[in-house]
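Protein chains: 2
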Amino acid sequence: MDVLVPLAIDEPKTRLAGTLTSAERAAFARTACADVLDSIRESGHDPTVLATGAVEVDAPVRVDDRPLTEAVNAALEAAFDSDAERVGIVMADLALATPAALGRLFDADGDVVLAPGRGGGTNAVVAGHPQFRTDYHGASIRDHREAARAVGADVTEIDSFRLATDVDEPADLVEVLLHGEGRAREWLVEAGFEVTTADGRATVTRAQE
Amino acid sequence: MDVLVPLAIDEPKTRLAGTLTSAERAAFARTACADVLDSIRESGHDPTVLATGAVEVDAPVRVDDRPLTEAVNAALEAAFDSDAERVGIVMADLALATPAALGRLFDADGDVVLAPGRGGGTNAVVAGHPQFRTDYHGASIRDHREAARAVGADVTEIDSFRLATDVDEPADLVEVLLHGEGRAREWLVEAGFEVTTADGRATVTRAQE
């Protein structure tokens, strides 16, 4: 299956701005993306990076500078026009994604397969209905359920912590340290991050240089 | 399998104090617990509430006013002394837990089965090794992996967003609204909570009375 991996090139991960410099955010985002590409290939599928601008990554690149929803829907339309039966869409910041977690997504039955993200997002999709289109604004998981229903597509949801964990906020970094199996985790360790515990959920601190 | 469901009676869910009154927090915690008990039974297993004090719930109650780790370990020891082979431990605030998600936990192979929670927690366990004990302080998932290794038990981890989502903080309530299938979701809707979206992850607002 062809799998689109949307990747923002300019100023990615702005909600990590208090924690990582602009250059670090770009480097971390590329590293997480490389992990995702590896995991997609190891699960037996073919990633294409859908980037907002030119970028060097270890996969074919399709450049589309429009907002996420428009770019993904144009790529879906092109794929179905070329007789694709199922198309995957996996966010580039799923630093916890493993081949096993992605395998559950790609192997699931259902005209539309959705992996919810935290806070109402949709972190991964398999579109197996030619009329299904995405809408990543707002609580997209709700809108995607509705969009599938509107075209008569049945929906399967994948219950995965690894696929639900996109790395957007400082508190998400602790999940990468505790559960990551790829280079994004190594990147954080090398950058001096470690797990800190106090009351409540664990978080990260960074060693002073 | 016997499944322990630890439940704090006095001042539960203090991190929701800015969002729910003390009485509401207690009512919401009991409602989420009732959902968890139902889901455990529907998955074919037998819940016992391990409460810090006397409480009326729809399941047998074992009262132990010690801190969580000590109370759970005493109950584990009692169970293994009575020739239990496997004992489950499922937190009472897993308002997204379904029979299917719990079934993956209870049916998994491995001497010790762990379901990680967000922020380093351990939201559910199957202890199938008589020497395994819990330690819920700090980033417990790390400590539980190590504790299993120390007694020669092999570990399986369950990759489940539903089991990873304990409801501790205001931001967690949106997950219940978007993904809950039980009475805890109904409780929030009746209390006036609804999903709000802006930039970033969706959250909740409460209608003014």
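These protein sequence lines map, in sequence, to chains A and B. Anchor point for the first sequence: position 116 equals 116 in full-length UniProt numbering, and the numbering is continuous, going up by one each time. Anchor point for the second sequence: position 74 equals 74 in full-length UniProt numbering, and the numbering is continuous, going up by one each time. Here a beta-carbon is modelled for each residue, glycine too, at the ideal position from N, C-alpha and C.
- It is roughly 6 Å from the alpha-carbon of A/Thr122 to the alpha-carbon of A/Ala115.
- A contact between stretches requires three or more CB pairs, one per stretch, nearer than 8 Å, and the stretch 139–147 of chain A fails this requirement with the stretch 167–179 of chain A.
- Contact holds between the stretch 84–91 of chain B and the stretch 125–133 of chain B, because three or more Cβ pairs, one in each stretch, are under 8 Å apart.
- Contact between A/Ala100 and A/Phe132 fails: their C-beta atoms lie close to 25 Å from each other, not under 8 Å.
- At least 8 Å separates the beta-carbon of A/Asp159 from that of B/Phe28.
- The three-state secondary structure of A/Ala139, taken from DSSP, is coil.
- Distances from the CA of B/Leu7 to each of B/Leu37, B/Thr165 and B/Ala78 were compared; the closest alpha carbon is that of B/Leu37.
- A/Glu56 and A/Asp35 have their C-alpha atoms roughly 15 Å apart.
- Residue burial is scored here from C-beta neighbours: B/Ala198 has fewer than 16 other C-beta atoms within 10 angstroms and is therefore classed as exposed.
- Contact annotation: the stretch 39–51 of chain A touches the stretch 60–79 of chain A, with at least three C-beta pairs closer than 8 Å.
- Taking 8 Å as the cut-off, the Cβ atoms of A/Ala171 and A/Ala32 do not count as close.
- Secondary structure at B/Leu4: strand, using DSSP grouped into helix, strand and coil.
- Taking the beta carbon of B/His179 as reference, the chain A residues within 7 Å of it are Pro116, listed in sequence order.
- In this structure, B/Asp93 lies away from B/Asp46, with their beta-carbon atoms at least 8 Å apart.
- Contact with chain B is found for A/Val174, since one of that chain's Cβ atoms lies less than 8 Å from the residue's Cβ.
- The beta-bridge partner set that DSSP reports for A/Glu70 is empty.
- Its Cα nearest to that of A/Ser39, the residue A/Asp58 stands out among A/Gln208, A/Asp58, A/Arg142 and A/Lys13.
- The DSSP-derived three-state label of A/Ala148 is helix.
- Its Cα nearest to that of A/Thr165, the residue B/Arg118 stands out among B/Arg118, B/Glu194 and B/Tyr136.
- Within chain A, the C-beta atoms nearer than 7 Å to that of B/Asp159 come from Ala101, Ser160, Phe161 and Arg162, in chain order.
- B/Glu157 is classed as buried because its beta carbon has at least 16 other beta carbons within 10 Å across all chains shown.
- Contact annotation for B/Val195 against chain A: Gly120, Gly138, Ala139 and Arg142 [CB-CB distance below 9 Å, chain order].
- Contact annotation: A/Ser43 and A/Gly103 have beta-carbon atoms nearer than 8 Å.
- When 9 Å is used as the limit between beta carbons, B/Gly200 is near these residues of chain A: Arg15, Gly119, Asp168 and Glu169, in chain order.
- Taking 8 Å as the cut-off, the beta carbon of B/Gly200 is found no closer than this to the beta carbon of A/Arg201.
- The three-state secondary structure of B/Gly88, taken from DSSP, is strand.
- The Cβ atoms of B/Ala95 and B/Gly182 sit closer than 8 Å to each other.
- By the C-beta density criterion, A/Pro60 is exposed, having fewer than 16 other C-beta atoms within 10 angstroms.
- DSSP, reduced to helix, strand and coil, places B/Ala115 within a strand of the structure shown.
- Rounded to whole angstroms, the gap between the alpha carbons of B/Leu163 and B/Thr21 is 26 Å.
- Of the candidates B/Glu194, B/Glu190, B/Thr205 and B/Leu4, B/Leu4 places its Cα closest to the Cα of B/Ala84.
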